[in-house]
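Reading through the structure tokens given below for one structure.
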Amino acid sequence: MNLNDLPEDEYFTSGHTACPGCVAPIIVRNMMKILGKNTVVYTPANCLLVFGGTYPYIAWKVPYFHEAFENTGSSISGAARAFKKKRKDVTVVGIAGDGGTYDIGIQALSGAAERNEDVIYVCYDNEAYMNTGIQRSGSTPYGASTTTTPPGKKIPGKLEHKKDMAEIMRAHEVPYVATMSVSHIADFLRKVEKAKKIKGFRYLHVFSPCPTGWRFDPSKSIEIARKAVDSGMWTLYEAEYGEIMDIYKPKKKIPVEEYIKGQGRFRHFTPEMIEELQKWVDKKWERLYGEKP
Amino acid sequence: MYEFRFHGRGGQGGRMAAEALALAAFLEGKYAVSFPFFGAERRGAPVRAFTRIDDKKIRTKTQIYEPDAVIVLDESLLETEDVLEGLKDDGVIIINTQRKPEEIELSREVRCATVDATSIALDVLGKAITNTAILGAIAKATGEVGIDSIEKAIIEKFGARLGKEAGEKNAKAARVAYESTVVGKSKGGKQFEPKPQWLPTVDELPLGGSIGTMETYAGLVGIGSFIENKTGGWRVFMPVVNDDKCIGCKICWFYCPEAAIKMVDKGAKTKKAVINYDYCKGCGICANECPTKAISMEREVKA
């Protein structure tokens, strides 16, 4: 599917209360256009839950459920099994943030993946707990400033590197794992469409820059997502049953320095810290592409 | 006791302004407290903040229901709620607007000060963050706190957070605003109908509280009902499409977080992007991503 075939119908309406420049509504409204009307959405606590629906006002036009933070995986499993029993062909989607995926929801997610439930799990990754006011999560990259990892004289922001959640999911050898970014439209649309057709557990991981939490100008959201892919901070690939089938390689790799420029959360970076982050990126690059950058 | 109530939107810095005002009063040797009030809203949603100033210790900890001064950081809030609610008769309202006091219609006739804080902030700071500029207007309109201590408080408060240079720039914005504030009287007589809240009884609610789309006395509720929530008032800059340059590539349509862009057939070879200003929050992604630069962001002048 390309941009011209994308339906006009919106299943996530205007009037939601996301911050200006938020990428999460871009992800969900375009994803829902492909998944279509015959979809049920589950979300745990995250920004999307709050701005997509404050009872009784709801932006979704499909059945939409709010469940507890840690059990997205089990909620969608139950729903999918119930629909199967009723012989109804419904796409069951769970959309969680990085906190609900990397940290709090990982046990239910891992269980659902291991049982190969017939569901789509979407993680929109904005690299911290933005809903509660920018606290670090397992997804926060090295050195980033959050309210729980403030850079000071001794500790320069978060000390640990970002956990590679997509690789953890790939290790489950589920039918489909894909990492995506809205900056690459054709790739995004193709992967959602492919995920819709496959039976079994599908994991989609979407990169989602956050202007409020990362402290950059709202108009730069997509530009930053693109730079993340070009610098290797974020890699676009898809895997079937644990095997990487397709991996996107940027035409020209840019240094991470270019990516972190303009983001307030990296403002305190010293040359040593940039080097540390670059080392991590190069290591990841070598592992995924099987060659030195 | 002198009480201030700030009406702003998340991200405009209403809370920081309330705190800086309290600090300025403290620097003058008075007692002061300040605190914000907001729900689970995001950046751009209406937020309130409060400041109390007194010569003796302040024991009251409640929200402020009968303020001496009301400060409105975003003009569009004047349309949606009665900001004068509870304001004392000898109170004053301070509004960030390009209009003059006598052009402003409120629910009653009160002392009114206006300042174009957004333009000042854009000029001096390069950003539409109006909280420091409005502090200058507060000093002028109320006289409760001097402009010198406001400047000192801003340098101390904002300087600590954003660096010395930014602190001084913000202090300058307050000084410029102090000098350009106009004090007069507003027009009265505007009627507000409070939006009713949907409060169903247990019998009216479906099992488990799950609701489909329903028309109620409080408007639409349930699936898709957010469509009645117009978010256009959040905007400072508005995107404007140049039809001659638009090639109908649909990239802005894909990227609009608000689903506020439609591709419309205007009789030309390709469809053209049309923006729905009822919902556009003015994030500027469309202008930034447009491959032919057909969309430009222009400062919006609110009538």
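Chains as they are written, first to last, in the numbering used here: chain L, 1 to 293; chain F, 1001 to 1303. Cβ coordinates follow ideal geometry from the N, Cα and C atoms, glycine included.
Spatial distance of F:Thr1062 from L:Met233 (CA atoms)
By 1-based counting over the second sequence, the position of residue 1062 of chain F is 62. By 1-based counting over the first sequence, the position of residue 233 of chain L is 233. When rounded, the distance between both Cα atoms is 48 Å.
Chain-ordered chain L contacts of F:Gly1163 [CB-CB under 8 Å]:
If you number the second sequence from 1, residue 1163 of chain F lands on position 163. Under a criterion of Cβ atoms nearer than 8 Å, no residue of chain L is adjacent to F:Gly1163; the nearest Cβ is some 10 Å distant.
What residues match up with L:Pro156 in a beta bridge as DSSP calls it?
Walking along the first sequence from the start, residue 156 of chain L turns up at place 156. Looking at the DSSP assignment, L:Pro156 forms a beta bridge with L:Pro151.
Can you tell me whether DSSP reads L:Glu193 as helix, strand or coil?
Within the first sequence, numbered from 1, the residue matching residue 193 of chain L stands at position 193. The DSSP-derived three-state label of L:Glu193 is helix.
Take every Cβ of the region 1121 to 1141 of chain F, pair it with every Cβ of the region 1067 to 1074 of chain F, and state whether three or more of those distances are shorter than 8 Å.
Enough Cβ pairs lie closer than 8 Å, so yes.
For the beta strand (DSSP E) containing F:Val1240, list its first residue and its last residue.
In the second sequence, counting from the first residue as 1, residue 1240 of chain F sits at position 240. Counting along the chain, F:Val1240 sits inside the beta strand (DSSP E) bounded by residues Phe1237 to Val1241.
Residues of its chain near L:Phe269, where Cβ-Cβ distance is below 7 Å and the 5 sequence neighbours each way are ignored
In the first sequence, counting from the first residue as 1, residue 269 of chain L sits at position 269. Hits under 7 Å: Gly143 and Ile260.
Sheet register partners of L:Gln135 (DSSP bridge):
Walking along the first sequence from the start, residue 135 of chain L turns up at place 135. BP columns for L:Gln135 point to L:Tyr129.
Unbroken alpha helix (DSSP H) run spanning F:Val1124, endpoints
The count along the second sequence starts at 1 and reaches residue 1124 of chain F at position 124. It spans Ala1117 to Val1124 - the alpha helix (DSSP H) in which F:Val1124 sits, taken as one unbroken run.
Candidates F:Lys1152, F:Ala1160 and F:Lys1190: closest to F:Arg1175 by CA position:
Within the second sequence, numbered from 1, the residue matching residue 1175 of chain F stands at position 175. Checked all of F:Lys1152, F:Ala1160 and F:Lys1190; the closest Cα to F:Arg1175 is F:Lys1152.
Can you tell me which of the three DSSP states F:Lys1185 falls into?
Here residue 1185 of chain F refers to the residue found at position 185 when the second sequence is read from its first residue. Strand at F:Lys1185.
I'd like to know whether the C-beta atoms of L:Ser75 and L:Gly94 end up nearer to each other than 9 Å.
Start at 1 with the first residue of the first sequence, and residue 75 of chain L comes out as number 75. Start at 1 with the first residue of the first sequence, and residue 94 of chain L comes out as number 94. Yes; because the gap between Cβ atoms is below 9 Å, this pair is in contact.
Three-state secondary structure (DSSP) at L:Pro209?
On the first sequence, position 209 is the one that residue 209 of chain L refers to. Correct three-state label for L:Pro209: coil.
Please work out which residues of its chain come closer than 8 Å, Cβ to Cβ, to L:Ile134, disregarding the five sequence neighbours upstream and downstream, and give them in chain order.
Within the first sequence, the letter at position 134 stands for residue 134 of chain L. Around L:Ile134: Ala128, Thr146, Thr147, Thr212 and Gly213.
Contacts of F:Lys1230 in chain L (Cβ-Cβ under 8 Å):
Here residue 1230 of chain F is taken as the residue at index 230 of the second sequence, counted from 1. Residues of chain L with a Cβ closer than 8 Å to the Cβ of F:Lys1230 are, in chain order, Gly15.
For L:Lys227 and L:Lys253, I'd like the C-alpha separation in whole angstroms.
Numbered from 1 along the first sequence, position 227 holds the residue referred to as residue 227 of chain L. Numbered from 1 along the first sequence, position 253 holds the residue referred to as residue 253 of chain L. Each residue's Cα considered, the two are about 9 Å apart.
Below 8 Å on C-beta distance, what does F:Tyr1255 contact in chain L?
Stepping through the second sequence from its first residue, residue 1255 of chain F is reached at position 255. From the beta-carbon of F:Tyr1255, the residues of chain L found nearer than 8 Å are Ile26, Val182 and Ile222.
Looking at the ligand GTP, does it come within less than 8 Å of F:Lys1061, judged from the CB to the closest heavy atom?
Of the ligands one can find in the structure shown there are none, so the ligand GTP has no counterpart to examine.
The region 1274 to 1301 of chain F: which residues have C-beta closer than 8 Å to a C-beta of chain L, in chain order?
For chain L, the residues of the region 1274 to 1301 of chain F that bring a beta carbon within less than 8 Å of one of its beta carbons are Asn1276, Asp1278, Tyr1279, Lys1281, Gly1282, Cys1283, Gly1284, Ile1285, Ala1287, Asn1288, Glu1289 and Met1297, in chain order.
Keeping to the same chain, check which residues put their C-beta closer than 6 Å to that of L:Ala171; ignore five residues upstream and five downstream.
One-based indexing of the first sequence puts residue 171 of chain L at position 171. If the five residues before and after L:Ala171 are omitted, its C-beta is found closer than 6 Å to no C-beta atom of its own chain.
If you follow the alpha helix (DSSP H) that F:Ala1139 is part of, which residue opens it and which one closes it?
If you number the second sequence from 1, residue 1139 of chain F lands on position 139. Asn1131 to Thr1142 is the span of the alpha helix (DSSP H), which, as asked, contains F:Ala1139.
Using the beta-carbon of each residue, which ones in chain L are nearer than 9 Å to F:Val1221?
Position 221 of the second sequence, counted from the start, is the residue given in the question as residue 1221 of chain F. Within chain L, the residues near F:Val1221 are Tyr55, Pro56, Tyr57 and Ile58.
F:Gly1224 versus chain L: which residues are under 8 Å apart at the beta carbon?
By 1-based counting over the second sequence, the position of residue 1224 of chain F is 224. Taking a Cβ-Cβ threshold of 8 Å, the residues of chain L close to F:Gly1224 are Thr13, Ile58, Ala59, Trp60 and Lys61, in chain order.
So what's F:Lys1272 in DSSP terms, helix, strand or just coil?
Within the second sequence, the letter at position 272 stands for residue 1272 of chain F. F:Lys1272 falls in the strand class under three-state DSSP.
Check whether chain L comes within 9 Å of F:Lys1245, counting only Cβ atoms and requiring the distance to be less than that.
Here the question's residue 1245 of chain F lines up with position 245 in the second sequence. Closer than 9 Å: no.
Give the interface partners of L:Glu10 over in chain F, defined as CB-CB distance under 8 Å, in chain order.
The residue labelled residue 10 of chain L in the question sits at position 10 within the first sequence. Among the residues of chain F, those whose CB is under 8 Å from the CB of L:Glu10 are Ala1259, following chain order.
Among L:Pro218, L:His184, L:Ala195 and L:Glu193, the one whose alpha carbon lies nearest that of L:Phe207:
Numbered from its first residue, the first sequence carries residue 207 of chain L at position 207. Selected option, being the one with the closest Cα: L:His184.
Pull out every residue of the region 1200 to 1218 of chain F whose Cβ sits closer than 7 Å to any Cβ of chain L, in chain order.
Listed in sequence order: Ile1211.
Nearest to F:Ala1260 (by Cα), restricted to the options F:Ile1058, F:Tyr1279, F:Gly1248 and F:Glu1179:
Here residue 1260 of chain F refers to the residue found at position 260 of the second sequence. Comparing C-alpha distances from F:Ala1260 to each of F:Ile1058, F:Tyr1279, F:Gly1248 and F:Glu1179 shows the shortest one belongs to F:Tyr1279.
Among F:Phe1006, F:Ile1211, F:Thr1201 and F:Ile1251, which has the Cα closest to the Cα of F:Glu1066?
Counted from its first residue, the second sequence places residue 1066 of chain F at position 66. The shortest C-alpha separation from F:Glu1066 is found at F:Phe1006.
Kindly indicate if chain L contains any beta-carbon less than 9 Å away from that of F:Lys1250.
By one-based count along the second sequence, residue 1250 of chain F stands at place 250. Chain L places a beta carbon closer than 9 Å to that of F:Lys1250, counting this residue as a contact.
Considering only residues of the region 65 to 145 of chain L, which uninterrupted beta strand (DSSP E) runs meet the minimum length of 3 residues and lie entirely inside it, listed in chain order?
List check, beta strand (DSSP E) in window: 91 to 97 and 120 to 125.
With distances taken from CA atoms, which of L:Ser231, L:Gly73 and L:Leu236 is nearest L:Val92?
Here residue 92 of chain L refers to the residue found at position 92 when the first sequence is read from its first residue. The residue from L:Ser231, L:Gly73 and L:Leu236 with its alpha-carbon nearest to that of L:Val92 is L:Gly73.
F:Ala1294 and F:Val1241 closer than 9 Å at C-beta:
On the second sequence, residue 1294 of chain F is found 294 positions in, with the first residue counted as 1. On the second sequence, residue 1241 of chain F is found 241 positions in, with the first residue counted as 1. By the CB criterion at 9 Å, F:Ala1294 and F:Val1241 fall inside the cutoff.
Compute the distance between the beta-carbons of F:Val1183 and F:Arg1099, then report whether it is under 9 Å.
Taking the first residue of the second sequence as 1, we reach residue 1183 of chain F at position 183. Taking the first residue of the second sequence as 1, we reach residue 1099 of chain F at position 99. In this structure, the beta-carbon distance from F:Val1183 to F:Arg1099 does not fall below 9 Å.
Contact the region 151 to 158 of chain L vs the region 233 to 242 of chain L: 3+ CB pairs below 8 Å
Between the region 151 to 158 of chain L and the region 233 to 242 of chain L, the count of C-beta pairs closer than 8 Å stays below three; the two stretches do not touch.
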